[in-house]
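The first sequence stops at residue 610 when you use the working numbering, and every number in between is there. Glycine is no exception: its CB is placed at the ideal position from the N, C-alpha and C atoms. For clarity, every value in this text was computed on a predicted model and none was experimentally measured. Worksheet for the structure shown next.
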Amino acid sequence: MLKEFREQRIQEIKRLRELGINPYPYSYDKTHSSKQIKDEFAHLEPGKVDENSFVSVAGRIMSLREHGKSAFFHIKDFEGRIQAYIRKDIVGDENYKFFKDFIAIGDIVGIKGNVFKSKTGEITVLVKEIKLLNKPLRPMPEKWHGIKDKEVLYRQRYVDMIANDESLNRFKTRFEIIRMIREFLNSKGFIEVETPILEYVTGGASARPFETHLNVFDIDMYLRIATELYLKRFIVGGFEKVYELGKNFRNEGLSYKHHPEFTSIEIYQAYADYEDMMNLTEELITYIVEKIYGTTKIVYQGQEIDFKRPWRRVKMRDFILENLGVDILEDSDEKMLEVLRSHEVNVEIKDRGHLIEKLWDLVEDKVIQPTFLLEHPVEISPLAKKHREDPRVTERFELIIFGREMANAFSELNDPIDQYERFLKQVELREAGDEEAQMMDKDFIRALEYGMPPTGGLGIGIDRLVMLLTDSPTIRDVIAFPLVRPITFEEEELESERGVDEK
RNA sequence: GGGCCGUUAGCUCAACAGGUAGAGCACCUGACUCUUAAUCAGGGGGCUGUGGGUUCGAGUCCCACACGGCCCA
């Protein structure tokens, strides 16, 4: 069937060429987008053609209703859909025959004409001229159910975006959010910088890195797991407000909230502390939410989330104590282990840091509304400055929304001796088999020895933020081309053609 | 890694208790000058994910594998 369709189309293209029509022309002069037409002519009276109007618009034909000597169709462009109406008495016999013989659903066309409002009140282009801009070889997906097969959605996102408007819109929103973040930070004097993706040692997070090899020096390298340590080198060097928005890589599992290649932003501001970063976080995220929704309230997976400031602040110690009755600062490792076991948590690595992380995992889901979780213990925060009033904890916060970590920030540790000792502890853990423990970065220590001003740093997970703001249940819905288990192109094609194609 | 569910026409989905595989859309032919899930008449399209087994007979039951989804680690 698919093969027949393709054959038919190839024959059609041949006939077009014989008629002197290029099925793949070079450009088209558009005057309007679909949305501009709908906005500009919204005032028209139903049934009347605006003789003074002239528009030229292009897009893909998504539906087609023929009525003998006339036809209605919708074309879809980046901004939406617009209806067009073509009549034999207006375009002439020859052009109408061309339309009937050669124009079909899925084709990309350009149309020129006047604008009118149909009897049913829809803004419509009355076609004077139609030009074929591309003749696809494959059939479009079903017109009102779209594509539901997740495998096709992920492997062939272009088909998803053609068939499902909400998919196209989701990605529009994603890149809109990214643009707004840049807009916001640039307006505050932050400078977007770039740091290496290929690194000799990688750090700034607890994660297993991807390894690769640099032939020219014959050394193994890592893909970065975070941008933190290089951004701080910028601060040492004299930059005061920097950020980097880009991809990080962690060689770990896939889940609804994890993807090995993901996007984050890290922001550093000299002479600021974690309080300042909390304010920045609130301001930045409410700026985006209000710009997209026009209000501070959104609904995520049926749950209302209110970004109205100020957001709740709760200390990690207090929250775990309230919910599990265990004090992560005072109680013994044994007590914590006991609580974990009573919740049937399997603990593989039994150092204090991991026990605290596991305890937090148990209660994380209880935090729905935007909440700053404060003052994480030193053991689990090797890059954060100790709290000015309690050296057992750090000046750190995580932003938690809907049980998910959305952001992580500290008053940055700038004491080189303290940092060195923290790295040593991480190295111990690493040697004890914790593959996610951080690596010693001696050059980073050296940089700190030259002096880094007091600095506030903040990282935000862009994919998770986009999930929240587009009401997407899984991270793969907001990554345009997510990881999928590789099968060869031929296997993929066979899967859809079911062996009908002989080559 | 473990458990559960799924894979049938290009797409979205049916098919009782094991008995010749079906619908809508899409595609092709024809009718129709304000339709919008247009309508009407006709037509083509399937190795039921892959491999094995049970059976006179398997989309359906059993085993293995592949891919996907959900939950757990």
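Closer than 6 Å by C-beta to residue i: which residues in its own chain qualify, once you throw out the five before and the five after it? Chain order, please.
i: Gly228; result: Pro153
i: Ser603; result: Residue placement at Ser603 cannot be trusted, given a pLDDT of 49 that sits under 50; what the coordinates show is reported in the next sentence. Hits under 6 Å: none found.
i: Glu528; result: none
i: Glu347; result: Ala377
i: Leu391; result: Phe291
i: Arg262; result: Val591
i: Ile405; result: Ile412
i: Ile128; result: none
What's the gap between the Cα of residue i and the Cα of residue j?
i: Asp380; j: Ala491; result: 11 Å
i: Asp413; j: Arg188; result: 33 Å
i: Lys613; j: Ala539; result: Look at the range of the chain in this structure, 108 to 610, and you will see that residue 613 is not part of it.
i: Ile237; j: Ile193; result: 9 Å
i: Asp458; j: Ile487; result: 10 Å
i: Met423; j: Val534; result: 25 Å
i: Thr302; j: Glu482; result: 28 Å
i: Val323; j: Glu359; result: 28 Å
i: Tyr452; j: Val474; result: Reading off the sequence, residue 452 comes out as Val, not Tyr. For Val452 and Val474, the distance between alpha carbons rounds to 20 Å.
i: Asn271; j: Leu260; result: 10 Å
i: Leu436; j: Ser274; result: 46 Å
i: Ser337; j: Val585; result: Position check: residue 337 holds Tyr in this sequence, whereas Ser was assumed. If I take the Cα positions, the gap works out to 27 Å.
i: Ile508; j: Val500; result: 22 Å
i: Arg124; j: Ser134; result: 18 Å
i: Lys442; j: Glu464; result: 15 Å
i: Lys97; j: Leu575; result: The chain is shown from 108 up to 610; residue 97 falls before or after that span and cannot be answered.
i: Tyr307; j: Ile569; result: 26 Å
i: His174; j: Asp472; result: 57 Å
i: Lys137; j: Phe369; result: 36 Å
i: Gly606; j: Leu109; result: Because Gly606 carries a pLDDT of 33, less than 50, the predicted location of this residue cannot be relied on, and no value is offered for it.
i: Lys610; j: Phe112; result: Any reading at Lys610 needs caution, since the residue's pLDDT is 24, under 50, leaving its predicted position unreliable; the model's value is listed next. Each residue's alpha carbon lies about 16 Å from the other.
i: Phe530; j: Asp550; result: 12 Å
i: Arg340; j: Leu520; result: 13 Å
i: Arg116; j: Phe209; result: 10 Å
i: Met547; j: Glu335; result: 14 Å
i: Gly345; j: Val266; result: 47 Å
Output yes or no for whether 8 Å exceeds the beta carbon distance between residue i and residue j.
i: Glu299; j: Tyr350; result: yes
i: Ser313; j: Ile567; result: no
i: Pro589; j: His366; result: yes
i: Val164; j: Val232; result: yes
i: Lys219; j: Leu151; result: no
i: Gly613; j: Ala516; result: The structure shown does not extend to residue 613, since the chain is modelled only from 108 to 610, so the question has no answer here.
i: Gly199; j: Pro243; result: no
i: Asn221; j: Ser141; result: no
i: Phe426; j: Leu480; result: yes
i: Ile284; j: Leu565; result: no
i: Ile230; j: Ile144; result: yes
i: Leu305; j: Met328; result: yes
i: Ala264; j: Ala587; result: A quick correction: the sequence has Arg, not Ala, at residue 264. In contact: Arg264 and Ala587 (Cβ atoms closer than 8 Å).
i: Lys195; j: Lys176; result: yes
i: Trp418; j: Glu382; result: no
i: Tyr375; j: Ile342; result: yes
Near residue i, which residues of its chain fall below 7 Å by C-beta distance, leaving aside the five closest residues on each side in sequence?
i: Ile332; result: Thr309, Gly311, Ala312, Ala314, Pro316, Asn355, Phe356 and Arg357
i: Leu240; result: Pro132, Tyr135, Ala165, Ile215, Val216 and Gly217
i: Thr403; result: Thr393, Val396, Glu397, Asp413, Phe414 and Lys415
i: Pro580; result: Tyr363 and Gln408
i: Arg122; result: none
i: Ile120; result: Pro130 and Lys242
i: Asp157; result: Phe148, Leu151, Asn221, Val222 and Phe223
Beta-carbon within less than 8 Å of residue i's beta-carbon, same chain only, minus the 5 sequence neighbours each way: which residues are those?
i: Arg172; result: Ala178, Phe179 and Phe180
i: Glu201; result: none
i: Arg289; result: Glu299 and Leu352
i: Phe206; result: Ala178, Ile193, Val198 and Ile237
Inset, instruction - Pair every Cβ in the region 500-509 with every Cβ in the region 541-557, then say whether three or more of these pairs are closer than 8 Å. - result: no
Legend entry - Validate contact between the region 509-522 and the region 275-282 using beta carbons, cut 8 Å, 3 pairs: no
Inset, instruction - Would you check if there are 3 or more beta carbon pairs closer than 8 Å linking the region 241-252 to the region 537-548? - result: no
Legend entry - Length at least 4, wholly inside the region 224-260: the alpha helix (DSSP H) runs in chain order: none
Inset, instruction - Output the residue ranges of the beta strand (DSSP E) runs that lie fully inside the region 329-356 and measure 3 residues or longer, sorted by chain position. - result: 348-356
Inset, instruction - List in chain order: all unbroken beta strand (DSSP E) runs of 3+ residues lying wholly within the region 147-201. - result: 156-173, 177-184 and 187-194
Inset, instruction - Return the chain-ordered ranges of every beta strand (DSSP E) run that is complete within the region 533-607 and spans a minimum of 3 residues. - result: 562-568
Legend entry - Within the region 381-442, ranges of the alpha helix (DSSP H) (whole runs, at least 4 residues): 381-400 and 423-431
Inset, instruction - Determine, using beta-carbon pairs with one atom in the region 431-449 and one in the region 386-395, whether at least three such pairs fall under 8 Å. - result: no
Legend entry - beta strand (DSSP E) runs contained entirely in the region 459-498, provided each spans 3 or more residues: 478-481
Inset, instruction - At 4 residues or longer, and completely inside the region 258-338: list those alpha helix (DSSP H) runs for me, N to C. - result: 264-270 and 272-294
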